[in-house]
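Just below is one structure, and these are the notes that go with it.
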Amino acid sequence: MTAPLLQLQGVNKSFGPIDVLHDISIEVNAGEVLCLLGDNGAGKSTLIRLLSGVHKPTSGRMLMDGKPVSFDDPRSASDHGIATVHQFGGTFPLMSIGRSFFVGAEPTKRWGPFEVFDRKKANEIAVREMRQLGITRITDGDRLVGGLSGGERQALAIARAVHFGARVLILDEPTAALGVKEAAHVLRIILQARKKGIAVIFITHQVTHALTVGDHFAVLIRGAKAADFRKGEKTREEVTDLMAGGEAMAGLEAEIESHLH
Amino acid sequence: MHSPPASAATPGSPETLGVSLGKLLRRPETGSLIGLICVFVFFSVFGGDTFLSVSGLASWLNIAAELGIIALPIGLLMIAGHLDLSVGSVIPASSMTVAIVSGHFGLPMPVGIACALALGLAIGFLNGYLIIRTDLPSFVVTLGTLFAVAGLTLGLSVIVAGSTSVALKSDPLTKMLLGDFINGKFEVIILWWIGAMLLVGYILGHSKYGNWILALGGDKVSARNAGIPTDKLNVALYMGSGLCAAFVGMCQAILYNSAQVSAGQSFIFNSIIAVVIGGVILTGGYGSVLGIVLGTMTFAIVNQGIYYTGFDANWASLIIGVLLLAAVLLNNTFRAMAISHSASRTKTKAAP
Numbered sequence: 002m003t004a005p006l007l008q009l010q011g012v013n014k015s016f017g018p019i020d021v022l023h024d025i026s027i028e029v030n031a032g033e034v035l036c037l038l039g040d041n042g043a044g045k046s047t048l049i050r051l052l053s054g055v056h057k058p059t060s061g062r063m064l065m066d067g068k069p070v071s072f073d074d075p076r077s078a079s080d081h082g083i084a085t086v087h088q089f090g091g092t093f094p095l096m097s098i099g100r101s102f103f104v105g106a107e108p109t110k111r112w113g114p115f116e117v118f119d120r121k122k123a124n125e126i127a128v129r130e131m132r133q134l135g136i137t138r139i140t141d142g143d144r145l146v147g148g149l150s151g152g153e154r155q156a157l158a159i160a161r162a163v164h165f166g167a168r169v170l171i172l173d174e175p176t177a178a179l180g181v182k183e184a185a186h187v188l189r190i191i192l193q194a195r196k197k198g199i200a201v202i203f204i205t206h207q208v209t210h211a212l213t214v215g216d217h218f219a220v221l222i223r224g225a226k227a228a229d230f231r232k233g234e235k236t237r238e239e240v241t242d243l244m245a246g247g248e249a250m251a252g253l254e255a256e257i258e259s260h261l262h
Numbered sequence: 027m028h029s030p031p032a033s034a035a036t037p038g039s040p041e042t043l044g045v046s047l048g049k050l051l052r053r054p055e056t057g058s059l060i061g062l063i064c065v066f067v068f069f070s071v072f073g074g075d076t077f078l079s080v081s082g083l084a085s086w087l088n089i090a091a092e093l094g095i096i097a098l099p100i101g102l103l104m105i106a107g108h109l110d111l112s113v114g115s116v117i118p119a120s121s122m123t124v125a126i127v128s129g130h131f132g133l134p135m136p137v138g139i140a141c142a143l144a145l146g147l148a149i150g151f152l153n154g155y156l157i158i159r160t161d162l163p164s165f166v167v168t169l170g171t172l173f174a175v176a177g178l179t180l181g182l183s184v185i186v187a188g189s190t191s192v193a194l195k196s197d198p199l200t201k202m203l204l205g206d207f208i209n210g211k212f213e214v215i216i217l218w219w220i221g222a223m224l225l226v227g228y229i230l231g232h233s234k235y236g237n238w239i240l241a242l243g244g245d246k247v248s249a250r251n252a253g254i255p256t257d258k259l260n261v262a263l264y265m266g267s268g269l270c271a272a273f274v275g276m277c278q279a280i281l282y283n284s285a286q287v288s289a290g291q292s293f294i295f296n297s298i299i300a301v302v303i304g305g306v307i308l309t310g311g312y313g314s315v316l317g318i319v320l321g322t323m324t325f326a327i328v329n330q331g332i333y334y335t336g337f338d339a340n341w342a343s344l345i346i347g348v349l350l351l352a353a354v355l356l357n358n359t360f361r362a363m364a365i366s367h368s369a370s371r372t373k374t375k376a377a378p
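Quick mapping for you: the protein sequence lines, in order, are chains A and B. The first sequence begins at 2 in the numbering used here and counts up by one. The second sequence begins at 27 in the numbering used here and counts up by one.
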């Protein structure tokens, strides 16, 4: 068996005296969706920052293809093929779709002595890549990103990551701010990315969304991994209970029960 | 789930009309074009034939060219999310530099010109460097350099030249290239302005650096994560505005055959006004060179046009103030329309 594409082994992260992550071990393979579940404050954001090169682990190892890696900054994580898409897409609302798609990697052509930004090519590629992810409404790459819906912005950001050869795609609560239909579309896009052989790390607190697309699940509670299971091993209720810390949810149910009677 | 794309753009359907309207609304200069037309019509009516004559044209074009050469790089800075107030003292500093080097000490003009431009680049570098090192707001940093450079100019001029005003006699070639009149009316700097328009238009609209500038103003952190060398870009933009301000100051000294330490303060706000009327937002990330040029012309027309009307010239500031507010509101509206217009066909999908 080959080594997982990305692997954390016993990773700890503390900020001064505060332990935020404790002994986290996870792994994700190419063409697989790993769902990171956890309530607010469970350490999901910190884990994303470790994976995307914003922070470094205090101890523990990160491996890609079985080889230890260390990211000094977000740039070096993206050079390793790790792309992070944030909740609101992390794009530029007042830039055109074509321009924002190619920020930092602009296609150019020669025009006499000048190197000219190839707007037409940029727009074409951006529109085509979004179309491949099922966004067919957008036909004009000159449109402003601010005019896209939340789901379309996610699609644009994911399309961008895929186009620039991301091997690991980290999605931070991509469905949290979306309506039901838009969320369904984003989930479909996640499955498409998986089909392309990308390892997807899907961070969410919406259990239904996770169970729809996930192959592998890890639940974080107060900075530690509370459970690690594969598709079909747990029901929706079990997962919800796990996330809320089990007893807490049972207690709440009892409380509601007593109010009703 | 998806609407069929075929229905999106049938020729002649309302959709096609909608797309071209959307295209127009998306352009940052749409509002400033309307502003320019209004102001031009207003002064054509009240200023009459003299405003529309060649000398009327020259009077506002001369003002527009001097302001425009400074407004262009300031516009780039504002699109990148910064301000540069220090131009107000770079102008007199470079005027004095060229006048002291070539006038007071009598060195050849090219030496004086090189010193003046180098001074502008150096002050720009200092601004940019301080901003990326300290991460302080550019308003505060350039306010500091504005006063510091003004003080240095005054102090050093008195020590070196013994006066706050120095005469400068330029050779005919320099005079012809930088400080003469074409046809007796049009300052030669107008041609330099056109050159600057083409250059800055290329940078912002048609080079990858334009994309970097828009991204830097849109979201600094994302821009950096996308691999844009934001620090270098910031420093380069400040050096550009320093260079252009120094160029204008130097041209003024050559045009008027003398330099004063106090010239230039009006350019601080006037350049910002021209850029904002031109459709650039103060928070950055949006704007165009055509808009900045139109905004500059609008400002210059109001500034000079008032003399061709029967009104007291003091009213010009009132008009500019009202115009500025109207421009900001109009540009905001257009921007909102541009965004909602491109979203208008998602209603069915984005409903929840």
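Heads up, the beta-carbon is just placed ideally off N, CA and C, and yes, glycines get one too.
Tell me the rounded alpha-carbon separation between residue i and residue j.
i, j, result
"A34 (chain B)", "D141 (chain A)", "Annotation note: pLDDT 39 at A34 (chain B) (below 50); position unreliable, no value reported."
"D338 (chain B)", "G331 (chain B)", "11 Å"
"E116 (chain A)", "K234 (chain B)", "8 Å"
"G32 (chain A)", "T309 (chain B)", "41 Å"
"I327 (chain B)", "I294 (chain B)", "18 Å"
"G188 (chain B)", "A119 (chain B)", "15 Å"
"S26 (chain A)", "G17 (chain A)", "22 Å"
"I95 (chain B)", "M276 (chain B)", "12 Å"
"K14 (chain A)", "V137 (chain B)", "59 Å"
"A158 (chain A)", "F203 (chain A)", "14 Å"
"D73 (chain A)", "A148 (chain B)", "33 Å"
"G221 (chain B)", "R129 (chain A)", "37 Å"
"G82 (chain B)", "S58 (chain B)", "21 Å"
"G129 (chain B)", "G150 (chain B)", "25 Å"
"R100 (chain A)", "M131 (chain A)", "14 Å"
"I307 (chain B)", "M96 (chain A)", "13 Å"
"S287 (chain B)", "F165 (chain A)", "Ser is not the amino acid found at residue 287 (chain B); the sequence shown has Val there. C-alpha separation (whole angstroms): 54 Å."
"I49 (chain A)", "I171 (chain A)", "7 Å"
"Q278 (chain B)", "A252 (chain B)", "42 Å"
"P99 (chain B)", "G304 (chain B)", "13 Å"
"L169 (chain B)", "Q291 (chain B)", "12 Å"
Check whether the Cβ atoms of residue i and residue j sit closer than 8 Å, and answer yes or no.
i, j, result
"A167 (chain A)", "L134 (chain A)", "no"
"E92 (chain B)", "G317 (chain B)", "no"
"T179 (chain B)", "S115 (chain B)", "yes"
"L269 (chain B)", "G177 (chain B)", "no"
"L179 (chain A)", "K45 (chain A)", "no"
"I346 (chain B)", "I299 (chain B)", "yes"
"I83 (chain A)", "L52 (chain A)", "yes"
"T205 (chain A)", "V187 (chain A)", "no"
"A106 (chain B)", "I239 (chain B)", "yes"
"N41 (chain A)", "A200 (chain A)", "no"
"V65 (chain B)", "T324 (chain B)", "yes"
Among the options, which residue has its Cα nearest to the Cα of residue i?
i, options, result
"G266 (chain B)", "B:N153, B:L203, B:L51, B:V137", "B:N153"
"R144 (chain A)", "B:I327, B:L356, B:N237, B:R53", "B:R53"
"A174 (chain B)", "B:L103, B:L111, B:F325, B:W341", "B:L111"
"R195 (chain A)", "A:P175, A:D216, A:P58, A:H206", "A:D216"
"V383 (chain B)", "B:V167, B:S121, B:N88", "Because chain B spans 27 through 378 in this model, residue 383 (chain B) falls outside it and cannot be assessed."
"I136 (chain A)", "A:G152, A:G198, A:A211, A:V201", "A:G152"
"G231 (chain B)", "B:N251, B:R361, B:S314, B:V65", "B:S314"
"M202 (chain B)", "B:I280, B:L102, B:Y333", "B:I280"
"M104 (chain B)", "B:P163, B:G210, B:T76, B:I139", "B:P163"
"F212 (chain B)", "B:S85, B:I365, B:M363", "B:S85"
"V192 (chain B)", "B:L98, B:S284, B:V348", "B:S284"
"G101 (chain B)", "B:V319, B:N357, B:F68, B:L169", "B:V319"
"P58 (chain A)", "A:L9, A:K121, A:I98, A:N30", "A:L9"
Could you tell me if the beta carbon of residue i falls within a distance shorter than 7 Å of some heavy atom in the ligand ADP?
i, result
"A222 (chain B)", "The ligand ADP is absent from the structure shown, which contains no ligand whatsoever."
Given that residue i touches chain B, what residues does it touch there, using C-beta distances under 7 Å?
i, result
"E107 (chain A)", "K234, N237"
For a contact defined as C-beta to C-beta under 9 Å, what are the partners of residue i on chain B?
i, result
"F93 (chain A)", "L240, A241, G243, G244, D245, S248, A249, G311"
"M96 (chain A)", "N237, L240, A241, G244, G311, Y312"
"V29 (chain A)", "Neighbours of V29 (chain A) on chain B: none; closest Cβ ~21 Å, over 9 Å."
"R100 (chain A)", "G236, N237, L240, A241"
What does residue i reach in chain B if we use C-beta pairs closer than 8 Å?
i, result
"E116 (chain A)", "S233, K234"
Run down chain A in chain order and give the residues with a C-beta less than 7 Å from the C-beta of residue i.
i, result
"R159 (chain B)", "Here the premise fails: no neighbours, minimum Cβ distance about 18 Å."
Selection of the stretch 211-242 of chain B by Cβ proximity to chain A, strictly under 7 Å: So the list reads Y228, H232, S233, K234, G236, N237, L240, A241, given in the order they occur along the chain.
Residues from the stretch 137-163 of chain A in contact with chain B, defined by Cβ distance under 8 Å: Considering only beta carbons, the part of the stretch 137-163 of chain A lying closer than 8 Å to chain B consists of T137, R138, T140, D141, D143, R144, L145, G147, G148, L149, S150, G151, G152, E153, in chain order.
Members of the stretch 250-282 of chain B that neighbour chain A once the beta carbon cut-off is set at 7 Å: N251, A252, G253, I254
Positions along the stretch 57-82 of chain A whose CB lies within less than 7 Å of some CB in chain B: P75, R76
Interface positions of the stretch 353-366 of chain B facing chain A (Cβ-Cβ less than 8 Å), listed along the chain: Using a CB distance below 8 Å, the part of the stretch 353-366 of chain B facing chain A consists of R361, A364, I365, S366, ordered along the chain.
Chain-ordered residues of the stretch 200-227 of chain A with a beta carbon less than 9 Å from chain B: none
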